[in-house]
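Numbering (my numbering) for the sequence shown: 16 to 167.
We treat Cβ as the ideally placed atom computed from N, Cα and C, and that holds for glycine.
For clarity, every value in this text was computed on a predicted model and none was experimentally measured.
Read the structure below first, then the notes.
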Amino acid sequence: MKATFAAAFLMGAVSLPAWAAEISVTDAWVRASMPGQKVSGAYMKIQSDADARLLGASSSAIPRVEVHEMKMDGDVMRMREVKAIDLPKGKTVSLEPGGFHLMLMNLPKPIVAGDVIPLVLTVESDGKQQTVEVRAEARAMGGGAMQHQHRH
Ligand SMILES: [Cu+2]
């Protein structure tokens with residue numbers, strides 16, 4: 016009796032709950048930061064096998080991570096925090112420069128190309144939340160012109 020219970024518990028602990036969506040994250044990367052720069056962006060491609068929403072993210076290496084969208088407002092590029100990013104079933108959603116991204120805030124130290132930044136995404140599907148662990152490698156991007164300006 017006891018053994019059966021232990022085995023069932025173990026299985027539950029290592030497999031995904033039945034309700035969880037299968038989330039695959041590919042091509043995750045973070046922009047290396049300039050000295051003195053306090054923010055950077057993280058980008059990736061996300062696909063879910065069920066309708067889901069990315070609600071937020073956190074990192075053990077970064078004090079604060081926000082979900083942002085960048086888009087043209089007239090002829091000015093603006094960035095704002097969004098509550099969630101829709102992940103429609105089966106569709107690959109790209110977080111990329113100039114669009115949706117994760118904003119890494121209050122960087123404790125510069126992010127250097129080759130650094131690996133651990134991120135934990137919070138995803139909701141069918142009214143329930145699950146987390147997805149992602150490791151994003153830092154890449155250097157050419158030039159200050161690409162630098163991400165913050166407006167709130
Ligand atoms: Cu941003």
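{"Check": "Just to confirm before moving on: does the CB-CB distance between Val45 and Ile132 stay below 7 Å?", "Outcome": "yes"}
{"Check": "Consult DSSP for Glu81 and reduce its assignment to one of helix, strand or coil.", "Outcome": "strand"}
{"Check": "Using a Cβ-Cβ cut-off of 6 Å (strictly less than) and excluding sequence neighbours within five positions of Ala65, which residues of its own chain qualify?", "Outcome": "Ala36, Lys104, Ser140"}
{"Check": "At a cut-off of 6 Å, is Met120 close to ligand 1 when judged by its beta-carbon and the heavy atoms of the ligand?", "Outcome": "no"}
{"Check": "For Ser73 versus Val135, is the C-beta distance shorter than 7 Å?", "Outcome": "yes"}
{"Check": "Looking only at C-alpha atoms, which of Asp42, Gly56, Trp34 sits nearest to His227?", "Outcome": "The requested residue 227 is not part of the displayed model; the chain covers only 16 to 167."}
{"Check": "Alpha carbon to alpha carbon, what distance is there between Ala151 and Ala128?", "Outcome": "11 Å"}
{"Check": "For Ala153, is the classification buried or exposed, using 16 other Cβ atoms within 10 angstroms of its Cβ as the cut-off for buried?", "Outcome": "buried"}
{"Check": "Which residue or residues does DSSP assign as beta-bridge partners of Ser140?", "Outcome": "Lys143"}
{"Check": "Tell me the rounded alpha-carbon separation between Glu111 and Arg79.", "Outcome": "19 Å"}
{"Check": "Looking at Gly71: is its Cβ nearer than 7 Å to the Cβ of Thr146?", "Outcome": "no"}
{"Check": "With a 10 Å radius around its C-beta and 16 neighbouring C-beta atoms as the bar for buried, classify Val149 as buried or exposed.", "Outcome": "buried"}
{"Check": "Can you give, in chain order, each stretch of the beta strand (DSSP E) that sits fully within the segment 37 to 68 and has at least 3 residues?", "Outcome": "38 to 46, 55 to 63"}
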